[in-house]
Amino acid sequence: MRLGIALAAALLLRTVLAGATEARLLDDFADPQAWTAVASDQVEAKLRPLRDGAANALCLDFDFHGVSGYAAMRRTLPVDYPDNYEFSFRVRGEAPDNALQFKLADASGDNVWWVNRPDFSVPREWREQRYKRRQVDFAWGPIKDKTLRHSDSVEFTLYAGNGGRGSVCFDRLTLRELPPAPTSWPAPHARASSERADAPAANAVDGDANTRWRSRRGGEQTLTLDFGAPREFGGLLLRWADGAHASRYDVDLSDDGEHWRTVRRVTQGNGGIDPLHLPESESRYLRLSLHDGPRKDYAIEEIEIKDLAFGASANSFFAELAQAAPRGRYPRGFYDEQTYWTVVGVDGGHQTGLFSEDGALEVARGGFSIEPFLLETEGRQRRLLSWADVDLSHSLQDGYLPIPRVHWRRDDLALDVETFATSTAGPAAPEAQDSNLYASYTLKNEGAKPRSLTLALALRPFQVNPSVQFLNTPGGISPIHELAWRKPSDDGREAVYVDGKPRVYPLDHADGFRASAFDAGMATDRLADGTLPDASAVRDDTGFASGVLLYRVDLPPNAARTIVLQMPLDGAAPADQFQVFAETWYRLLRDKTAQEWREKLDQVRLRVPAAGRALADTLRTALAHILINRDGAAIRPGTRAYARSWIRDGAMTSEALLRLGRDDVARDYLAWYAPYQFKNGKVPCCVDRRGSDPVPENDSHGELIHLVAEVWRHGGDRALLETMWPHVDAAARYMDELRASERTPANRSGERKALYGLMPASISHEGYSAKPMHSYWDDFWALTGYKDAVDLATALGKDDAARRLARSRDQFRTDLYASIRAAVAAHRIDYLPGAAELGDFDATSTTIALSPGGEQARLPQDLLRNTFERYWKQFAERRDSTAWKDYTPYEWRTVGTFVRLRWRERAHEAIEWFLHDRRPAEWNQWAEVVGRLPRESRFIGDMPHGWVASDFIRSALDLFAYEREDDRALVLAAGVPDAWLSGDGVAIENLRTPYGKLSYSLQREGDALHLRIADTGAKPPGGFVFAAPKEYVGGEAWLGREALKWRSGELVVRDLPADVILQPAAQR
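Counting in the numbering used here, the sequence shown runs from 11 upward without gaps.
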């Protein structure tokens, strides 16, 4: 057998060596003229040759000047690729950590492949970087076959992470052809420092767990594997024979069998199966150096060499471990199941927690989590209960407050987990720095017999944000290197320290805290099998340490006990000692927090019947989520994947905030965002800690202007408007430059005719991220910006500017509608297209032409109706079938469009369907992506998603009232369903509009319909337009003793208060 293994290894080595080639030098960087420095707006980039001994190098000197963006060096370099290859280059420099991107593009420049290394630490001395074919990913582009076979240019890019300034130098770019990876590897040749005759070293790699290698007794031992050729792998599984494991050992690698490097040290091994995470490993030889253990000999049943996927990331590592563990022992995401969560935080706080549907609580962005388990023991029987062993349900306090709860139930045992956040200045205090999470765990015995059990609150290196969430804040693992249970010297309170900081304060005295290093076993596994150590502190170099807070709970029949934790989010936890009356104090704090939230969320009040309660509650919860998602003044769509501020989201969200009475939030956001405008007038698509993002998204300029206009209309703050005017004027002038670039002779005819005068192509619309397009989304935002700029100039008495802007507005509108006609003709379509060159159908995008665009009356009416008839047909087909995968709830915008088209019934059919996709439904929220199969794992953006929440709010409020641009009227009740009018009917109080507050009620009284509009001072120039249900249109309508006349199926009321009685048309 050994001879066979040796022959196979020799043959493999010969094959591998035969396929190897010398590296081909692509560029020695001796010719700086071959390269070009490029940089985004306001970023500086220069090239500088460097002579380093006998070698030449080229340095990229950069300065981000406080904005986001990139500095890059690029050259033309045609390359044809073999089936397998490896790039290498040398790098050194002095620079802050930023993303280093190695890019390859085809001749069009549209299709890009890359290796992206976020937070790249630039070495001060030369270091070789190697990128293999499997590490070169397709980045973006419209090409269908994404395999890299040829590229025409290469680029080294520094993309802002920490920004700053510095220099990065590059040398010797090479490409080496590699042999194809073997489809399978023979068993490695094994040799040991000692072995027993009946248990040779070869048994450890024979694929049979019933055989074993056993060393002789005494001293340290080694077991060495020879793969026969360099082999890539991602980790190991070591299966130890009972009791004969090494508790302390090293894993060493070598390319030649003489020079070794240690890649893993195990110091607290506990036998059984040792999973070892060894990402991106490659070597010919692997050695286990066994130092000591519970016996004087060692025995390994099997060593399993795991492939690269096993070690591709800590997430993939734990996903494989989860498959072999009891269901529920790990978070749901590691079982490839979709999980859902909600956000917990204060209004405008800088940190937030996440609370999972299963009861786990993530303590701050990207942080560890605390998850409950219940341990029941009966004699020697131990049963550890997790989320997988119970019935789950969910709720919010009062049905809408951001105080979420998870309810576990198993037979007559119940566990309620509740959490909320507050700060020293209350939950709605953006300036607050000392914010804290609180969580309560209430165990209830609802049976007739006493119950004794242990509540185990596990602190583990897992985020609530699951591993499929890859964007911005990658989910899954959150390393824990140190855990300790001690009393801090400053306040004497017990606390769990995580990586040296006090992170968890039990407000009830815990019966114990136990910590475990990963190599000794996860704390929850050791709790389940009864081997939990006495250690209350641990250090773990793997970053996978875990621990459990233990509470022994004895419950008589119908009794309950509550355990409370406090976790600092920003700043430090209050130093007060609450352990004596923890539950009482907690409930008082929760009730105080709840009342403060009610005051913030109930400024606009809705009265609706039971059928509308879900909509009314979700409206207020959505507002709370928007406030919690903020970071100070910055409105953000989320706190993890989208933890940055887009002006697109911010402008539309601000409209929702203004209508609900939070004009202070919208003003603060405007004052914060506007100064990030570039010097040339360009409005950044988004802003984060790195500064202004330079990616061209040509909706942003109109959106900033619209935000200024909306804040002005809802507050009339002339001083703020004066401050914002330079930003408005600069954005409008920049739009003039952009559209002028498309008003060229080349765009007068032929295939480019539909592009004449539009905003240039951009990726503002997610559907065009593969390749920028001339999106009508951008154009309707630009038109909105022009219209608003005219209004603002007029309000400030800037007559010359108003006339100039009016000319731009009118010229652009003419070009825009001519483009739509040309695109419709060119693509032979009968609907409003999404992009001029595609003629694609995108009704969700088209909605903005109506709101906030206000172009409903000017749009080609046949195309408008056809667009949304087609959408409705597609919506109904999706609703009534299973032939779909997922959608984005931005489609909430179509509800507002249906209201404007007077499709009342369709609006409510859509509402019913969209509300059904809240997950969990009782938490009143949506992610950015909704899947048909709730447990099919996918990236879902942030949850709750603030922009989706704002789209919902705007459409929900449109049911009750919206502004009509054509006649500057307020249209009332166009979306209120007939079924809601019986009984107490509906009412809305203090809805904010550009013309003042609006309050009215609508109720059926017998056959009559009674509309009461309170005198709140609102005076829309076009009056209050009542869009009555169909059965009343044309019927008698009385305002006191005055008979009202119907105009185009509408009633207009101009003076308040108003008391209107309508009779059905049939009784006329």
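Ideal Cβ placement from N, Cα and C applies to all residues, glycine included.
Between the C-alpha atoms of A959 and R728 there is a straight-line separation of about 30 Å. By the neighbour-count criterion, in which a residue is buried when 16 or more other Cβ atoms sit within 10 angstroms of its Cβ, S161 is buried. In this structure, DSSP gives G343 a helical state, which the three-state scheme calls helix. Look at M662 here: in three-state DSSP terms it is helix. W735 carries a helical assignment under DSSP once its states are collapsed to helix, strand and coil.
Burial check for N934: the Cβ neighbour count within 10 Å reaches 16 or more, so the residue is buried.
Selection D1069, L717 and N475 evaluated against N325 yields N475 as nearest (Cα-Cα).
Taken through DSSP and simplified to helix, strand or coil, S829 comes out as helix. The beta carbon of F472 sits closer than 6 Å to the beta carbons of P341 and S379 from its chain, once the five residues preceding and following it are set aside; these are given in chain order. Taking 7 Å as the cut-off, the Cβ atoms of V981 and V1070 do not count as close.
A Cβ-Cβ distance of about 5 Å is found for the pair A741 and V693, placing them in contact under the 8 Å criterion. Within the segment 399-454, the runs of beta strand (DSSP E) at least 3 residues long that lie entirely inside it are, in chain order, 401-406, 414-420 and 423-433. Taking C-alpha positions only, D262 is separated from E230 by approximately 15 Å. Taken through DSSP and simplified to helix, strand or coil, L991 comes out as helix.
Spatial neighbours of G671 in its own chain (CB-CB distance under 8 Å, excluding positions within 5 residues in sequence) are listed in chain order as Q613, V614, N1000 and R1002. Between the segment 889-904 and the segment 320-337 there are fewer than three C-beta pairs closer than 8 Å, too few to call the two in contact. Rounded to the nearest whole angstrom, the C-alpha separation of A370 and P382 is 7 Å. Burial is judged here by how many other beta carbons sit within 10 angstroms of a residue's own beta carbon; L385 has at least 16 and is buried.
Taking C-beta atoms as the reference points, V132 and A105 count as a pair closer than 7 Å. If you check the CB distance, W682 and A643 come in under 7 Å. It is roughly 27 Å from the alpha-carbon of D890 to the alpha-carbon of H404. In this structure Y679 does not touch I573 by the C-beta definition: roughly 39 Å separates them, more than the 8 Å allowed.
Taking C-beta atoms as the reference points, A846 and L793 fail to come closer than 7 Å.
Counting only residues of its own chain and dropping the five nearest sequence neighbours on each side, E290 has no CB closer than 6 Å to any other CB.
Under the three-state reduction of DSSP output, R608 falls in the helix class.
Shown here, I645 sits in coil according to DSSP, grouped into three states, outside any helix or strand. 7 Å or more divides the Cβ of R813 from the Cβ of K797. E381 has A468 as its beta-bridge partners, per DSSP.
Contact holds between the segment 1005-1022 and the segment 988-996, because three or more Cβ pairs, one in each stretch, are under 8 Å apart.
Residue pairing from DSSP leaves A334 without any beta-bridge partner. In summary, K883 is exposed, with fewer than 16 beta-carbon neighbours lying within 10 Å of its beta-carbon over all protein chains present. By the beta-carbon neighbour count (other beta carbons within 10 angstroms, threshold 16), Q361 is buried. Cα atoms of V718 and G691: separation of roughly 15 Å, rounded to the nearest angstrom.
Apart from sequence neighbours up to five positions away, the residues of its chain that approach S257 with a beta-carbon distance below 6 Å are G279 and G303, ordered along the chain. Of all alpha-carbon atoms in V563, L629 and V146, the one lying nearest the alpha-carbon of Y91 is that of V146. Under the Cβ criterion (8 Å, minimum of three pairs), the segment 213-228 does not count as touching the segment 178-195.
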